[in-house]
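In this text, residue positions in the sequence shown follow the working numbering: the first is 11, and each later residue adds one.
Have a look at the structure below before the remarks.
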Amino acid sequence: MLAARARLLIATLWVGSTWTVGYLVAPTLFVTLRDSAVAGTIAGHLFRVEAWLAVFCGLALVLLTRFVNNAGSDNTRKVVVCLALAMLACTAIGHFGLQPYMAALREIAGTGGVMDPESKTRFGILHGISSAFYLVQSLLGVALILKIR
């Protein structure tokens, strides 16, 4: 019973923070702050924290589901583990895979945040791909919460 509650709390923390940072906090930064470079820097820091939280929650959830005997039926356990691993893959690709390239492009632009057209196009493409992985992770989170519940 305790493990089931822990799984639900971990999943809720993970999915809730994903939605909050990605769909409430980051857009609010860009609307509220006049300097989009500052907003982007703050959002980047928040997404970094979110990515590490995702790694912690994802691994904890997989371990609790895989190695605790009362984690539901075999089918439910497999689905929860697959969903958590898919969400972790989205984090790995989006943050740890694409983000370093985006950061390099921002660094080239300097403090003014002005990019040449080619870099701006590359940044836009990488940002779009990263956003797509974030959306997929968010939707997988819905399935995860419903499956655990």
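Backbone N, C-alpha and C fix where the C-beta goes; we use that ideal spot for every residue, glycine too.
**Report entry** Buried or exposed by the 16-neighbour rule on C-beta atoms within 10 Å, applied to E60
**Finding:** Working through the sequence shown from its first residue, we reach residue 60 at position 50. The residue in question, E60, is buried, as its Cβ has 16 or more Cβ neighbours within 10 Å.
Query raised in the report: Under a three-way DSSP split, which group does L206 fall into?
Result: Absent from the model: residue 206. The displayed extent of the chain is 11 to 159, so no value can be given.
Query raised in the report: Expressed to the nearest angstrom, what Euclidean distance is found between the alpha-carbon atoms of I20 and T131?
Result: Reading the sequence shown from its first residue, position 10 is the one you call residue 20. Reading the sequence shown from its first residue, position 121 is the one you call residue 131. Their Cα atoms are separated by approximately 37 angstroms.
**Report entry** Anticipated Cβ contact below 8 angstroms, L150 with A102, distance rounded
**Finding:** Residue numbering aside, residue 150 sits at position 140 when the sequence shown is read from its first letter. Residue numbering aside, residue 102 sits at position 92 when the sequence shown is read from its first letter. Here L150 is actually not in contact with A102; their C-beta atoms are around 13 angstroms apart, not less than 8 angstroms.
**Report entry** Proximity winner among V72, V78, R76 and F77, relative to L98 (alpha-carbon distances)
**Finding:** On the sequence shown, position 88 is the one that residue 98 refers to. Ranking V72, V78, R76 and F77 by Cα distance to L98 puts V72 first.
Query raised in the report: So, G32 versus Y144, is the Cβ gap smaller than 8 angstroms?
Result: Translated into positions along the sequence shown, residue 32 becomes position 22. Translated into positions along the sequence shown, residue 144 becomes position 134. Their beta carbons are under 8 angstroms apart, which means G32 touches Y144 by this criterion.
**Report entry** Where the alpha helix (DSSP H) containing S129 begins and where it ends
**Finding:** Residue 129 sits at position 119 when you count from the first residue of the sequence shown. Element bounds for S129: P127 to I158.
**Report entry** Limits of the unbroken alpha helix (DSSP H) element including V78
**Finding:** What you label residue 78 is simply residue 68 of the sequence shown in a count that begins at 1. Segment: none, V78 is in no alpha helix (DSSP H) and carries neither H nor E.
Query raised in the report: When we look at the beta-carbon of I118 and count the other beta-carbons within 10 Å, is it buried (16 or more) or exposed?
Result: Position 108 of the sequence shown, counted from the start, is the residue given in the question as residue 118. Exposed, since its Cβ has fewer than 16 Cβ neighbours within 10 Å.
Query raised in the report: For A53 versus A36, is the C-beta distance shorter than 8 angstroms?
Result: One-based indexing of the sequence shown puts residue 53 at position 43. One-based indexing of the sequence shown puts residue 36 at position 26. Yes, the Cβ-Cβ distance between A53 and A36 is below 8 angstroms.
Query - Limits of the unbroken alpha helix (DSSP H) element including S27 - result: As a working mapping, residue 27 is identified with position 17 in the sequence shown. Taken as a continuous stretch (DSSP letters only), the alpha helix (DSSP H) holding S27 covers L12 to T30.
**Report entry** Span of the alpha helix (DSSP H) around L98
**Finding:** Looking up residue 98 in the sequence shown gives position 88. Taken as a continuous stretch (DSSP letters only), the alpha helix (DSSP H) holding L98 covers D84 to T101.
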